[in-house]
Amino acid sequence: SQTIHQWPATLVQPVGSPLSLECTVEGTSNPNLYWYRQAAGRGLQLLFYSVGIGQISSEVPQNLSASRPQDRQFILSSKKLLLSDSGFYLCAHVGGTVNTEAFFGQGTRLTVV
Amino acid sequence: ELKVEQNPLFLSMQEGKNYTIYCNYSTTSDRLYWYRQDPGKSLESLFVLLSNGAVKQEGRLMASLDTKARLSTLHITAAVHDLSATYFCAVDINNDMRFGAGTRLTVKP
Chain A
8 SQTIHQWPAT LVQPVGSPLS LECTVEGTSN PNLYWYRQAA GRGLQLLFYS
58 VGIGQISSEV PQNLSASRPQ DRQFILSSKK LLLSDSGFYL CAHVGGTVNT
108 EAFFGQGTRL TVV
Chain B
12 ELKVEQNPLF LSMQEGKNYT IYCNYSTTSD RLYWYRQDPG KSLESLFVLL
62 SNGAVKQEGR LMASLDTKAR LSTLHITAAV HDLSATYFCA VDINNDMRFG
112 AGTRLTVKP
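Protein sequence lines, in the order shown, are assigned to chains A and B. Note that this note's numbering has the first sequence beginning at 8, numbered continuously upward. Note that this note's numbering has the second sequence beginning at 12, numbered continuously upward.
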């Protein structure tokens, strides 16, 4: 079965510090991978998506970046966090070799202080 | 630009009543998804609809898709308190998956 792992679950970081959130997928190959951010009580904002290793599409210009060093690994990074980066970050995957359903990780609640 | 609009954004229902949530999107889509989110939690997949006229049902929830009208509906039958949550639709166009703003559903006794 397919599973998606996202960590950490909770993170408190000072302004100006770096960020690295990791997402890995099991049970499928060549998935489409996504990073979303959700502000409190709001909808999901697409940040990045990737259809393959090294292929990243950015939807929102900001101080975040994403990388896909391996087929089933997707990383969200920042060199210097801003207060406005606080939110609930969700990784998702779709497709691959198994089926078309989309699955989400448990999410990372980031608070920048 | 792909736009996904959901309505209503807020819905307060009494137990036992029926209601429909609507999801409109602006361009031809490959897939449409419905998700449920409980407070503080991640998203749980409810349905994926792949073709025009697709209808799927799970318990008190039924989703349908009209690709010609670019419209999907999520129908709630005889609501119960456990259905209280936020429901999102999402549209996938060429691997770009976009979400509606969500419908916050509250079911009251």
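Note that the Cβ used here is the ideal one computed from N, Cα and C, for glycine as well. Note that the coordinates shown come from a computational prediction; the quantities given were computed from them, not determined experimentally.
Worksheet entry | As assigned by DSSP and simplified to three states, the class of Ser-75(B) | On the second sequence, position 64 is the one that residue 75(B) refers to. Ser-75(B): strand per DSSP, three-state reduction.
Worksheet entry | Cβ shell of Val-59(B) (< 7 Å), same chain only, five flanking positions each side left out | Reading the second sequence from its first residue, position 48 is the one you call residue 59(B). Take Val-59(B), set aside five residues on each side of it, and the residues of its chain with a beta-carbon closer than 7 Å to its own are Arg-42, Tyr-44, in chain order.
Item to complete: Could you check if Gly-111(B) is buried or exposed, using at least 16 other CB atoms within 10 Å of its CB as the buried criterion?
Response: Sequence index remark: in the second sequence, residue 111(B) carries index 100 (1-based). By the 10 Å Cβ count, Gly-111(B) comes out buried.
Worksheet entry | Pro-38(A) versus Phe-95(A), Ser-65(A), Ser-57(A), residue with shortest Cα-Cα distance | Here residue 38(A) refers to the residue found at position 31 when the first sequence is read from its first residue. Comparing Cα-Cα distances from Pro-38(A) to each of Phe-95(A), Ser-65(A), Ser-57(A), the minimum goes to Ser-57(A).
Worksheet entry | Range of the contiguous beta strand (DSSP E) that encloses Gly-59(A) | As a working mapping, residue 59(A) is identified with position 52 in the first sequence. Where Gly-59(A) is concerned, the enclosing beta strand (DSSP E) stretches over 51-59.
Worksheet item: Is the stretch 67-80 of chain B in contact with the stretch 59-74 of chain A, if contact means three or more CB pairs nearer than 8 Å?
Response: no
Item to complete: Take Ala-80(B) as the anchor and find which of Lys-28(B), Tyr-33(B), Glu-26(B), Ala-90(B) has the nearest alpha-carbon.
Response: As a position in the second sequence, residue 80(B) is number 69, starting the count at 1. Closest option to Ala-80(B), Cα to Cα, is Tyr-33(B).
Worksheet item: Who are His-12(A)'s beta bridge partners in DSSP?
Response: Within the first sequence, residue 12(A) is the residue found at index 5, counting from 1. Looking at the DSSP assignment, His-12(A) forms a beta bridge with Thr-31(A).
Discussion item. Counting only beta-carbon separations shorter than 8 Å, does Asp-107(B) have a partner in chain A?
Written reply: Counted from its first residue, the second sequence places residue 107(B) at position 96. By this cut-off, Asp-107(B) is an interface position.
Practice prompt. Evaluate the contact criterion for the stretch 113-120 of chain A versus the stretch 87-102 of chain B: three or more CB pairs, one atom per stretch, below 8 Å.
Written response: no
Worksheet item: On the premise that Ile-87(B) lies in contact with Asn-29(B), defined as a C-beta separation below 8 Å, what is that separation, rounded to the nearest angstrom?
Response: Position 18 of the second sequence, counted from the start, is the residue given in the question as residue 29(B). Position 76 of the second sequence, counted from the start, is the residue given in the question as residue 87(B). The Cβ separation is near 6 Å, so the contact holds.
Discussion item. Between which residues of its own chain and Asp-49(B) is the CB-CB distance below 6 Å, once the five residues before and five after are set aside?
Written reply: As a working mapping, residue 49(B) is identified with position 38 in the second sequence. Excluding sequence neighbours, Asp-49(B) sits near Ala-96.
Worksheet item: If you measure beta-carbon to beta-carbon, which residues of the stretch 89-103 of chain B are closer than 8 Å to chain A?
Response: Answer set for the stretch 89-103 of chain B: Phe-99, Ala-101, Asp-103.
Worksheet item: beta strand (DSSP E) containing Gln-48(B): first to last residue?
Response: For the purposes of this step, residue 48(B) is identified with residue 37 of the second sequence, where counting begins at 1. 42-48 is the extent of the beta strand (DSSP E) around Gln-48(B).
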